[in-house]
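If you count the sequence shown from 1, position 152 lands on 152 in the UniProt record's numbering, and the numbers rise without skipping. Glycine is no exception: its CB is placed at the ideal position from the N, C-alpha and C atoms. Every value quoted in this text rests on a predicted model; they were computed, and no experiment measured them.
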Amino acid sequence: MSALARRLQHRGARGGLHVMLVDGLALIDKEVGRTEKRIVERFEQARARSPTVLFLDNLDALAAPRGRTTTETNVVGDRSLSTLLTEMDGVASDPQRVVVVVASAPSPAALDPAVCRPGRLDVHISLSNVDRACAAAHLRQQLLQFACRLLARGGDGTAPEETAASCCRVIGERVDALTAQRASMPAAHVAAIGREIMIAALSSACGDGAAHAAGQERTPHLSDEALSVILNDAFTAVM
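Now the structure itself:
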């Protein structure tokens, strides 16, 4: 799943909205009729869980422009595309079961024009790489929130202030160093940088490096349970 799909799911869960993620590539099957059946099943599941945001990742796998591939592939692709269009049209016909369809593709040109007509996917948003300044600002915001979690969760309910302060120092240094390496980067790369920085910050705060270098037993400020919770929350925040 793309970073956009995971982010949408996370935000939807926080807002109490069911977000159903479907990978178009995973629906493709060589068996005749199997791909179409899977498409119908996913839309039925979305309607059953209404209100639902149905995110179709890699939509171009199901809705490539007709006539651009081999004859055999055309037949399979046309059937799956026809089924997809029928299901998308059916979404608007049942006001009692609200389903919003969102999809991702490399570009509108990678999709059959019928998919992008009004009433289907008629709102198009182009997502380019994140520039250096935006990436740094996003990472600082998310990772400073991560440092604040260290103050709120610890073995006795409160982490020492020096733990968060140490994380803040590592965060600032790492954000500057990693984002300076390129002018822009994909969102997934930004998320990967965030995870790398968090691991480095926790390692520094818990004194792993110093303890191991001296051959001493690690004495972290945070309990293992607290570290697990913080990492889970923070990793989700930068996805």
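Under the three-state reduction of DSSP, which class applies to residue 17: helix, strand or coil?
-> coil
Is residue 47 closer than 8 Å to residue 18 when the C-beta atoms are compared?
-> no
Whose C-beta lies closer than 7 Å to the C-beta of residue 106 among residues of the same chain, with five residues either side of it excluded?
-> 60
Return the chain-ordered list of same chain residues with a C-beta closer than 7 Å to the C-beta of residue 88, the five sequence neighbours on each side being excluded.
-> 101, 120
Own chain partners of residue 172 with C-beta closer than 8 Å, once the 5 adjacent residues on each side are dropped = 140
Taking the alpha helix (DSSP H) that residue 99 falls in, what are its first and last residues?
-> No alpha helix (DSSP H) contains residue 99, which is instead part of the beta strand (DSSP E) from 99-103.
Where the alpha helix (DSSP H) containing residue 40 begins and where it ends | 34-48
Tell me whether residue 56 sits in a helix, a strand or coil according to DSSP, three-state version.
-> strand
Have a look at 23, 145, 103, 176 and flag the residue whose alpha-carbon is nearest the alpha-carbon of residue 133.
-> 176
Answer yes or no: do residue 99 and residue 35 have a C-beta to C-beta separation smaller than 8 Å?
-> no
For residue 199, count neighbouring Cβ atoms within 10 angstroms of its own Cβ and tell me buried if that reaches 16, exposed if not.
-> exposed
Residues near residue 11 by beta carbon distance below 7 Å, same chain, minus five either side | none
Quick one: grab the DSSP three-state call for residue 79.
-> helix
What does a CB cutoff of less than 6 Å around residue 131 pick up in its chain, not counting 5 residues either side in sequence?
-> 184
May I have the straight-line CA-CA distance separating residue 257 from residue 144, to the nearest angstrom?
-> The chain is shown from 1 up to 239; residue 257 falls before or after that span and cannot be answered.
Could you tell me whether the Cβ atoms of residue 83 and residue 115 are closer together than 8 Å?
-> no
Using alpha carbons as the reference points, say which of 77, 24, 43 lies closest to residue 56.
-> 24
Helix or strand or just coil, what does DSSP make of residue 131?
-> strand
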